[in-house]
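Notes for the one structure printed next.
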Amino acid sequence: MRLYLNVPYGEKGEAKALGAKWDPRVKKWYTDSDPDHYVRFAKWILRETDDVLIATEYLHIIEGVRPCWKCGRPTRVVGLGFGEFIHIFGEPDDPQYEFIEDYLDPGQEVHLAWAQEEEIPPRLLRYLKEHYSVRTGYSKTVGESCFANHCDSCGAMQGNWFLFGEPDSPLSSEAEGNELVERMRGLKIYAIPIEDNLQLNWDVGFCSNDYAYLKYGRYEELILSTDPDNEYITYEELYREEGRGGR
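All residue numbers for the sequence shown refer to our numbering, where the first residue is 100 and numbers rise by one.
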């Protein structure tokens, strides 16, 4: 699987010497080396942060329902999800590597996530906007604009802090016993197969109950790829803007 890198023009020689390759369609450098060799490219992976999660195999959409705080009607709410991932952390000159294979068997855990609009691959963002009441709006609670769920009926913003930070959120796995089972049974878990590994700047939460999403939730594969011969969507298609070429 490829991992695309943000390599400045002046550093292309260095990246090439380390084994990076140029994709003329996407117009970006990438590595197709084994993930445990990603530390070679830490200069470009850890350029703006000291902690990176790289999604592999699948992205997820987690769909639940809650009563709107304003009108009281049931409304759908969604989060994103990481499954299996690669963790690169530390300083660019002393990077550390960790391959998280879901702690149990591959594919048995999903970790709830959310992100600002600009951090979501354009193809996935279009799907979310076409199928759910999600958009960027001004939050009086945090005093700034954020990408958030809105009520299907009245349009009121459904707070990100509650949905992604509170244990009684309908999307949260922070519950026990029958409460956990019933909450997870109320969720739909959509798994999107991805062709390339993806470095994503998402806020990801971790809980010891994250196995419950796939154990009790209603699981379904969601194919975003338009290639009839490959159900795994590529980086090129995920990041292709409407009417434009690759990112």
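Beta carbons: idealized from backbone N, C-alpha and C, even for Gly.
Residue i, enclosing beta strand (DSSP E) - first and last residue
| i | result |
| --- | --- |
| Y103 | 102 to 104 |
| E190 | 184 to 190 |
| E320 | 317 to 320 |
| G178 | 173 to 181 |
| K126 | Where K126 is concerned, there is no enclosing beta strand (DSSP E), given that its DSSP letter is neither H nor E. |
Bounding residues of the alpha helix (DSSP H) (the contiguous stretch that carries residue i)
| i | result |
| --- | --- |
| I161 | Looking at the DSSP string, I161 is not in any alpha helix (DSSP H); the run it does join, the beta strand (DSSP E), is 157 to 166. |
| K111 | 111 to 116 |
Three-state class that DSSP yields for residue i in the structure shown
| i | result |
| --- | --- |
| L337 | helix |
| D131 | coil |
| A290 | strand |
| K169 | coil |
| L297 | strand |
| Y202 | Note on Y202: pLDDT 39, under 50, position unreliable in the model; no value is reported. |
| R139 | helix |
| Y310 | coil |
Beta-bridge partners of residue i, as assigned by DSSP
| i | result |
| --- | --- |
| L152 | H186 |
| D302 | W213 |
| D83 | The structure shown does not extend to residue 83, since the chain is modelled only from 100 to 346, so the question has no answer here. |
| I332 | I293 |
| K120 | Y129 |
Near the ligand PLP: residue i beta-carbon under 7 Å from a heavy atom
| i | result |
| --- | --- |
| D295 | Absence of the ligand PLP from the depicted structure is noted, as is the absence of any ligand whatsoever, leaving it without description. |
I'd like the ranges of any alpha helix (DSSP H) spanning at least 4 consecutive residues and lying wholly in the stretch 205 to 288.
221 to 230, 259 to 264, 276 to 284
Per the contact definition of three or more C-beta pairs closer than 8 Å, is the stretch 263 to 273 in contact with the stretch 174 to 194?
Flag = yes, the stretch 174 to 194 and the stretch 263 to 273 touch.
Three or more beta-carbon pairs under 8 Å between the stretch 292 to 308 and the stretch 207 to 225, yes or no?
yes
Across the stretch 151 to 159 and the stretch 123 to 131, are there enough close Cβ pairs to call them in contact, namely three or more that are closer than 8 Å?
no
Three Cβ pairs or more, each shorter than 8 Å: is that satisfied between the stretch 318 to 331 and the stretch 283 to 295?
yes
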